[in-house]
Amino acid sequence: MTAYHHKKLRPWSLIAWSLRSLANLLRLWPLLAIAVWAASPVTLHLRWSYAYRDIGTYRVYTACTYLGPQGFIRSQPGETCPVFTLIDVGRAR
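When the count follows my numbering, it moves up by one through the sequence shown with no breaks and lands on 369 for the last residue.
See the structure below:
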């Protein structure tokens, strides 16, 4: 019977293992992106329509409607209306 010998910790082997694991995860990036998109309450929305009033040379937006994965969402009056925006759906409804 032989005596117990502590296995040497090889740092390069640990680094190689972690890089291989990361490469395997990156291969599944479409599935990871869909999972993050489905779980995230903040999603990208596209401006569908807007209304504004001219005050001199300045536009005051009175209503903006955005289209996103959860449907149409109206923004608060007086805010700017960018073409693309991130909206927290939980707070917007």
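All residues carry an ideal CB built from backbone N, CA and C; glycine is no exception. Here the structure is a predicted model, which is why all the values come from computation and not from measurement.
For residue i, which three-state DSSP category applies?
| i | result |
| --- | --- |
| V336 | strand |
| L362 | strand |
| A327 | strand |
| R350 | strand |
May I have the straight-line CA-CA distance separating residue i from residue j, to the nearest angstrom?
| i | j | result |
| --- | --- | --- |
| A292 | Q352 | 51 Å |
| Y350 | T338 | Just to set this straight, residue 350 is Arg in the shown sequence, not Tyr. Those two C-alpha atoms are separated by around 11 Å. |
| T361 | S294 | 36 Å |
| L304 | I310 | 10 Å |
| V318 | V312 | 10 Å |
| L301 | S316 | 19 Å |
| T278 | R296 | 34 Å |
| R335 | I363 | 22 Å |
Would you call residue i buried or exposed, if buried means 16 or more other Cβ atoms sit within 10 Å of its Cβ?
| i | result |
| --- | --- |
| H281 | exposed |
Alpha carbons only, please: which of the options is nearest the one belonging to residue i?
| i | options | result |
| --- | --- | --- |
| V365 | Y342, P358, L295 | Y342 |
| C340 | Q346, G347, C357, A311 | C357 |
| P345 | L307, L322, V336 | L322 |
| V359 | L304, S325, S316, S297 | S325 |
For chain D, is any of its Cβ atoms less than 8 Å away from the one on residue i?
| i | result |
| --- | --- |
| C340 | Any reference to chain D falls outside this structure, which holds one protein chain only. |
Cβ pair count under 8 Å reaching 3, the segment 324-331 against the segment 280-298:
Three or more Cβ pairs closer than 8 Å define a contact, and the segment 324-331 falls short of that threshold against the segment 280-298.
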